[in-house]
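Structure, as structure tokens:
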Amino acid sequence: AGVLVLPGRVPGAKVDTTRVKGLAPRLFVYRKAPTGVEELAAGAAARENDVVQLAYQAAGRHFGAIVSIDGRGVVTRHLPAAGSLASPLKTGASFALPEAYRLDDAPGFERFYLVTADQPFAVDLVLTAVSHSTGVEGRLALPAGLDQYSFALRKETAR
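Using our numbering, the letters of the sequence shown map in sequence onto residues 1 to 159.
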């Protein structure tokens, strides 16, 4: 898969300079389209071979991990790509991950989880929670101190 959005600031994203009450970490999902790149809404339809780019807004949190699960129960790690601890998050505007992701033929859905905290945490906590979930629900069983945000795409069969 290729890169759709250059790593760094996402154009048009709001800048988060401080942790504001009510502002929460979130994921943005973009899809390569014939006319360029489009931002997807939660619950949007997606198909096999769609190329998606993930971006996050830390909203003042310092560490995070992004993991996904598909309709077959396959768990994929997106951030950090390797290592045992969550990645330091970039603050300010939204930041795109360096690699885009091609959706496979798994049926039903693709759900992405962004888990954040103020302190480093083990990525295995997130991987275990995601692998014990069905992916249909939006919440993971995680220890206190870890915030989570989920974003699901609805998978349609290719025509």
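Glycine is no exception: its CB is placed at the ideal position from the N, C-alpha and C atoms.
Exercise. Just how far apart, CA to CA, sit Y149 and G138?
Worked result: Mapped onto the sequence shown, residue 149 falls at position 149. Mapped onto the sequence shown, residue 138 falls at position 138. If I take the Cα positions, the gap works out to 8 Å.
Problem set entry | Own chain residues within Cβ distance below 7 Å of N49, not counting five before or after | Within the sequence shown, numbered from 1, the residue matching residue 49 stands at position 49. Excluding sequence neighbours, N49 sits near R102, L103.
Problem set entry | Same chain, Cβ closer than 6 Å to P106, five either side skipped, listed in chain order | Within the sequence shown, numbered from 1, the residue matching residue 106 stands at position 106. Sequence inspection shows Ala at residue 106; the Pro mentioned does not correspond to that position. Excluding residues within five positions, the ones whose Cβ falls inside 6 Å are D70, G71, R72.
Exercise. What is the C-beta distance between L89 and Y56, in whole angstroms, given that I count them as a contact (C-beta under 8 Å)?
Worked result: By 1-based counting over the sequence shown, the position of residue 89 is 89. By 1-based counting over the sequence shown, the position of residue 56 is 56. With 8 Å as the limit, L89 and Y56 qualify as a contact, their Cβ atoms being about 7 Å apart.
Exercise. Closest by CA to V123, which one among A33, I66, L27, R47?
Worked result: As a position in the sequence shown, residue 123 is number 123, starting the count at 1. Ranking the options by Cα distance to V123, first place goes to I66.
For this session: Pick out whichever of G108, A58, A42, L153 has its Cα sitting closest to the Cα of A96.
Result: Taking the sequence shown and counting its residues from 1, the one referred to as residue 96 is at position 96. Ranking the options by Cα distance to A96, first place goes to A58.
Exercise. On the premise that F151 lies in contact with F112, defined as a C-beta separation below 8 Å, what is that separation, rounded to the nearest angstrom?
Worked result: To locate residue 112, count along the sequence shown from 1; it is residue 112. To locate residue 151, count along the sequence shown from 1; it is residue 151. 5 Å between Cβ atoms; contact.
Exercise. Under the three-state reduction of DSSP, which class applies to D70: helix, strand or coil?
Worked result: In the sequence shown, counting from the first residue as 1, residue 70 sits at position 70. The DSSP-derived three-state label of D70 is strand.
Exercise. Whose CA, out of G64, G60, G83, K32, lies closest to the CA of A93?
Worked result: Indexing the sequence shown from 1 puts residue 93 at position 93. Among G64, G60, G83, K32, the Cα nearest to that of A93 belongs to G60.
For this session: Kindly list the residues whose CB is nearer than 6 Å to the CB of R31, restricted to its own chain and excluding five residues on each side of it in sequence; keep chain order.
Result: Translated into positions along the sequence shown, residue 31 becomes position 31. So the qualifying residues of the chain are E38, L40, D50, V52.
Problem set entry | Best match in F121, P98, L125 for proximity to A81 [C-alpha to C-alpha] | By 1-based counting over the sequence shown, the position of residue 81 is 81. The candidate whose alpha carbon is nearest that of A81 is P98.
For this session: Determine the extent of the beta strand (DSSP E) in which V136 is found, giving its start and end residues.
Result: Indexing the sequence shown from 1 puts residue 136 at position 136. Unbroken run through V136: none, as it is neither H nor E.
Problem set entry | Alpha-carbon spacing of A144 relative to T35, whole angstroms | If you number the sequence shown from 1, residue 144 lands on position 144. If you number the sequence shown from 1, residue 35 lands on position 35. So the two alpha carbons sit approximately 43 Å from each other.
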